[in-house]
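As numbered in my numbering, residues 567 to 816 make up the sequence shown, in order. Note that CB positions come from ideal geometry on N, CA and C, so glycine has one too. Scroll down for the structure; my scribbles are underneath it.
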Amino acid sequence: MIIAANFKMNLTPRKIHEYLHVLEQKQEYSSYAHINIILFPNMASLMSDEVLRGCALSSLTLGAQNAYPAFNGAFTGEIGAEILEELNISTLMIGHSERREIFNETQEFCQKKFDFYKKLNFKILYCIGEPLHIRKNGQHELKNYLNMQLCNIDVSYNNLIIAYEPIWAIGSGISAEAHVIEETHQLIKEILQNNNASNIPLLYGGSVKTDNVREILMLDGVDGVLVGSASLSPYEFSAILQVAVELQKI
Ligand code: PEP
C-alpha cells in the first residue's frame, strides 16, 4: 500500500522537521514497515539536512513535486536531475493538475519530463484526472480524456505509480463518491491493460482525510492514496497512516 503526501507550497523546512518529530512520537515507525510512505515537500525542504536525516531515519521516501527535464543548464528557477541526484532524490511527481493548469504544462511537456526521468530510472508518480465538465459529459468523454493524459506515457515502466485525482475533488473537502472512485479506477486499469501494463499501483487523490480514508483504501482497485490538505497536519497524517497500518493487518 502506498500513502503519499503532497505538501505543495506549504510547510517550511523547520516546520517539516517538527512535523517528522510528531510523526515519530505518534507511531512506532516499525509498524509502517509494509507501507510505502512518500512525502513530497517543497524544494527548500529537500535541501534541509535535518529533513533528510529525519526521513532517512524513519524510512520515509522523499520525492520532488517538480523538476525540469534536463541535467542542468539555463533554466532559471528550475531544478534539474543533477541537483536531485546530489540530494539523493530519485522520486518525482509529474502531471499534477496544478502544474498542468496554473503553470500551463502541456501533455507534451509532461511526456518530455516522463521520458527524461524514466531514463534516469526515477520512481515517477504520474497524476491524471478530469475537470468537472468532462465528467458531466459522460463516460465516453471521460475515457478519452484520461487516455489523452496517458498518451505517449510508457505505462509499462516498472517504476511508475499513477494517481487518479479528479480535479473537482482536489482541495474541495469532499472526495469523489466510493462508486465513482471504483468505476474510474476500473476504467484506468482497463486502459493500462490495453497498453500491456498491469500491476501499476493506482492511487486515489482528492480530499482524502481521516474520516474517509478507510472506506477509500478498502475499495477495489485502490492501491493507496495521495493526500494534500490533510497531510499538512502531522496529527491528521499519522491518523491516516494508522488506518493504513490497520488495513494491512486484515
Ligand atoms: C492534491 O492536490 O494532490 C490533493 C490530493 O489535494 P487534497 O487532498 O487537498 O484534495
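Regarding residue i and ligand 1, is the C-beta to nearest heavy atom distance less than 8 Å?
{"i": "proline 731", "result": "The question names proline, but residue 731 is glutamate in the sequence shown. Answer for glutamate 731: yes, Cβ within range of ligand 1."}
{"i": "serine 795", "result": "yes"}
{"i": "cysteine 676", "result": "no"}
{"i": "isoleucine 736", "result": "yes"}
{"i": "glycine 639", "result": "no"}
{"i": "asparagine 778", "result": "no"}
{"i": "serine 773", "result": "yes"}
Rounded to whole angstroms, what's the CA-CA distance from residue i to residue j? Just pull it up for me.
{"i": "serine 741", "j": "leucine 792", "result": "12 Å"}
{"i": "tyrosine 634", "j": "glutamate 652", "result": "15 Å"}
{"i": "leucine 769", "j": "glycine 787", "result": "9 Å"}
{"i": "arginine 701", "j": "tryptophan 734", "result": "9 Å"}
{"i": "phenylalanine 732", "j": "threonine 750", "result": "The displayed chain sequence assigns proline, not phenylalanine, to residue 732. Taking the straight line joining both Cα atoms gives about 10 Å."}
{"i": "serine 624", "j": "tyrosine 598", "result": "9 Å"}
{"i": "threonine 776", "j": "alanine 640", "result": "43 Å"}
{"i": "glycine 661", "j": "isoleucine 736", "result": "14 Å"}
{"i": "glycine 771", "j": "glutamine 808", "result": "18 Å"}
{"i": "isoleucine 645", "j": "histidine 600", "result": "31 Å"}
{"i": "leucine 577", "j": "glutamate 616", "result": "14 Å"}
{"i": "lysine 755", "j": "serine 764", "result": "7 Å"}
{"i": "glutamate 648", "j": "alanine 744", "result": "41 Å"}
{"i": "asparagine 778", "j": "cysteine 676", "result": "30 Å"}
Ignore the nearest five residues each way along the sequence and tell me which others in residue i's own chain have a CB closer than 7 Å to its CB.
{"i": "serine 738", "result": "Ser773"}
If contacts are defined as beta-carbon pairs under 8 Å, then residue i and residue j qualify, I think. What distance do you get, rounded to the angstrom?
{"i": "leucine 753", "j": "lysine 709", "result": "6 Å"}
{"i": "leucine 586", "j": "glycine 620", "result": "4 Å"}
{"i": "glycine 695", "j": "tyrosine 730", "result": "6 Å"}
Would you say residue i reaches chain C, if we count a Cβ-Cβ gap shorter than 9 Å as a contact?
{"i": "isoleucine 727", "result": "The structure shown contains no chain C; it holds only a single protein chain."}
Determine, using beta carbons only, whether residue i and residue j come nearer to each other than 9 Å.
{"i": "asparagine 725", "j": "lysine 689", "result": "yes"}
{"i": "serine 656", "j": "asparagine 687", "result": "yes"}
{"i": "serine 804", "j": "lysine 592", "result": "yes"}
{"i": "isoleucine 582", "j": "serine 611", "result": "yes"}
{"i": "isoleucine 727", "j": "isoleucine 782", "result": "no"}
{"i": "leucine 618", "j": "leucine 605", "result": "no"}
Could you pull out every residue in the same chain whose Cβ sits closer than 6 Å to the Cβ of residue i, ignoring the five residues on either side in sequence?
{"i": "asparagine 761", "result": "Val721"}
Apart from the five residues on each side of it in sequence, which residues of its chain come closer than 8 Å, Cβ to Cβ, to residue i?
{"i": "glutamine 814", "result": "Met567, His600 and Ile601"}
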